[in-house]
Amino acid sequence: DAARGLATALLGRRERLINLSHLDGGNGDGETLRAASTETGRLLLVTTLARAPFVPLDDTLEHYERRLARKALHNLRRQRRRLEEKGTVTLDIVQGDDRLAEALEEGFGIESSGWKAKRGTAIVSDPRARAFYTAVARWAVARGTLRLCFLRLDGHPLAFQYGLEEAGAYYFIKGGFDARYAEFSPGQVLMHAMIEHYTRAGLTRIELLGTEERWKSVWARASHERVLVHALPASLLGVLQHSALLLYLHHVRPFAK
Numbered sequence: 039d040a041a042r043g044l045a046t047a048l049l050g051r052r053e054r055l056i057n058l059s060h061l062d063g064g065n066g067d068g069e070t071l072r073a074a075s076t077e078t079g080r081l082l083l084v085t086t087l088a089r090a091p092f093v094p095l096d097d098t099l100e101h102y103e104r105r106l107a108r109k110a111l112h113n114l115r116r117q118r119r120r121l122e123e124k125g126t127v128t129l130d131i132v133q134g135d136d137r138l139a140e141a142l143e144e145g146f147g148i149e150s151s152g153w154k155a156k157r158g159t160a161i162v163s164d165p166r167a168r169a170f171y172t173a174v175a176r177w178a179v180a181r182g183t184l185r186l187c188f189l190r191l192d193g194h195p196l197a198f199q200y201g202l203e204e205a206g207a208y209y210f211i212k213g214g215f216d217a218r219y220a221e222f223s224p225g226q227v228l229m230h231a232m233i234e235h236y237t238r239a240g241l242t243r244i245e246l247l248g249t250e251e252r253w254k255s256v257w258a259r260a261s262h263e264r265v266l267v268h269a270l271p272a273s274l275l276g277v278l279q280h281s282a283l284l285l286y287l288h289h290v291r292p293f294a295k
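Below, the structure written as structure tokens:
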């Protein structure tokens with residue numbers, strides 16, 4: 039009822055065009071907005087922006103691994119063995135406390151290793167980004183949801199994930215690996231270790247966020263649809279705008295890309 043009231047109040051505003059971006063296409067928002075559009079006399083145009091992959095966690099790691107491609111699982115186990123031949127491999131999850139500053143510095147250093155630093159997309163490349171992720175980490179520590187995850191070889195960090203654990207799910211926000219150890223695929227070995235850890239912890243899923251990418255396809259078996267909703271007035275001008283948006287979204291933009 040609260041969602042229906044909020045949607046009706048929003049679509050009842052006087053603005054000619056209302057855009058709602060990155061809604062979850064599969065959680066009932068669409069039905070709520072359609073009901074509100076009927077009450078307010080609005081036309082809705084829904085466009086898929088992206089599909090955010092996630093990893094549904096099974097009751098055991100063995101069940102999950104049966105769904106992985108054989109080649110991918112073989113390579114993971116081989117890379118793990120190669121690392122273990124060089125020393126002790128451990129998963130280290132920092133939740134804050136007195137290690138926060140040290141762990142962030144260590145993690146940001148790994149995240150900037152390799153191509154991200156060269157392209158200027160690493161967290162440490164932008165003082166504002168660094169301040170933002172540091173502030174989010176402090177906020178999450180207060181909530182008890184921060185997870186700074188490291189794959190270590192004899193204590194030395196090889197790969198890093200900056201994540202949050204909320205409401206039965208782990209959200210993988212940022213990450214990277216030490217480019218000097220790229221031959222061992224430490225980022226993928228860490229991802230496998232995280233799946234093992236959270237399967238045992240009883241979480242329901244690992245959210246990979248963003249859009250579909252090649253490395254995510256190794257792990258993800260499902261995705262969330264992220265949609266953009268345009269709400270227009272049910273008038274002649276609104277119908278014309280609706281038609282123009284349809285033409286742009288389904289023909290002009292794909293052709294331009």
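Using the numbering used here, read the sequence shown as starting at 39 and increasing by one per residue. Ideal placement from N, C-alpha and C gives every residue a C-beta, glycine not left out.
Inter-stretch contact (C-beta, 8 Å, three-pair minimum) for the stretch 62-78 and the stretch 245-255
Touching, no.
What residue range is occupied by the uninterrupted alpha helix (DSSP H) comprising residue 293?
Mapped onto the sequence shown, residue 293 falls at position 255. Residues 291-294.
Please report the straight-line C-alpha distance between residue 131 and residue 188, rounded to a whole angstrom.
Mapped onto the sequence shown, residue 131 falls at position 93. Mapped onto the sequence shown, residue 188 falls at position 150. In this structure, the CA atom of residue 131 is about 6 Å from the CA atom of residue 188.
From the DSSP secondary-structure annotation, give me the bridge partner or partners of residue 156.
The residue given as residue 156 occupies position 118 in the sequence shown. Answer is none; residue 156 lacks a bridge partner.
Nearest to residue 142 by alpha carbon, out of 242, 293, 214, 111?
Working through the sequence shown from its first residue, we reach residue 142 at position 104. For residue 142, the closest C-alpha among the options 242, 293, 214, 111 is that of 214.
How about residue 94 and residue 259: are their beta carbons less than 8 Å apart?
As a first step, residue 94 must be located in the sequence shown, where it is residue number 56. As a first step, residue 259 must be located in the sequence shown, where it is residue number 221. Yes, Cβ-Cβ distance for residue 94 and residue 259 is below 8 Å.
Beta carbon of residue 191 nearer than 8 Å to that of residue 200
As a working note, residue 191 is residue 153 in the sequence shown. As a working note, residue 200 is residue 162 in the sequence shown. No.
State whether the stretch 40-53 contacts the stretch 61-71, with contact taken as three or more CB pairs (one from each stretch) at a distance under 8 Å.
Between the stretch 40-53 and the stretch 61-71 there are three or more inter-stretch CB-CB distances shorter than 8 Å, so the stretches are counted as touching.
Below 8 Å between beta carbons: does that hold for residue 202 and residue 133?
On the sequence shown, residue 202 is found 164 positions in, with the first residue counted as 1. On the sequence shown, residue 133 is found 95 positions in, with the first residue counted as 1. Contact: no.
Out of 163, 157, 135, state which residue places its alpha-carbon closest to the alpha-carbon of residue 147.
Mapped onto the sequence shown, residue 147 falls at position 109. Across the set 163, 157, 135, the C-alpha of 163 shows the shortest separation from the C-alpha of residue 147.
CB of residue 265 within 8 Å of CB of residue 78, strictly:
Residue mapping note: residue 265 aligns to position 227 of the sequence shown, counting from 1. Residue mapping note: residue 78 aligns to position 40 of the sequence shown, counting from 1. Inclusion of residue 265 and residue 78 in the CB contact set at 8 Å is not warranted, their separation being larger than that value.
Looking at C-beta atoms only, is the number of pairs between the stretch 96-111 and the stretch 227-240 that lie closer than 8 Å three or more?
Touching, yes, given that three or more Cβ pairs across the two stretches are closer than 8 Å.
Would you say the stretch 217-233 touches the stretch 111-118, given that touching needs at least three Cβ pairs under 8 Å?
Judged by pairs of C-beta atoms under 8 Å, the stretch 217-233 touches the stretch 111-118, as three or more such pairs exist.
Determine the contact status of residue 90 and residue 261, defining contact as a CB-CB distance below 8 Å.
Reading the sequence shown from its first residue, position 52 is the one you call residue 90. Reading the sequence shown from its first residue, position 223 is the one you call residue 261. Contact flag set, yes.
Can you tell me whether residue 246 is buried or exposed? The criterion is at least 16 other CB atoms within 10 Å of its CB, across all chains shown.
Taking the first residue of the sequence shown as 1, we reach residue 246 at position 208. It is buried - the Cβ of residue 246 has at least 16 other Cβ atoms within 10 Å.
Using only CA atoms, which one of 62, 44, 42, 82 lies nearest to residue 55?
Here residue 55 refers to the residue found at position 17 when the sequence shown is read from its first residue. Of 62, 44, 42, 82, the residue nearest in Cα terms is 82.
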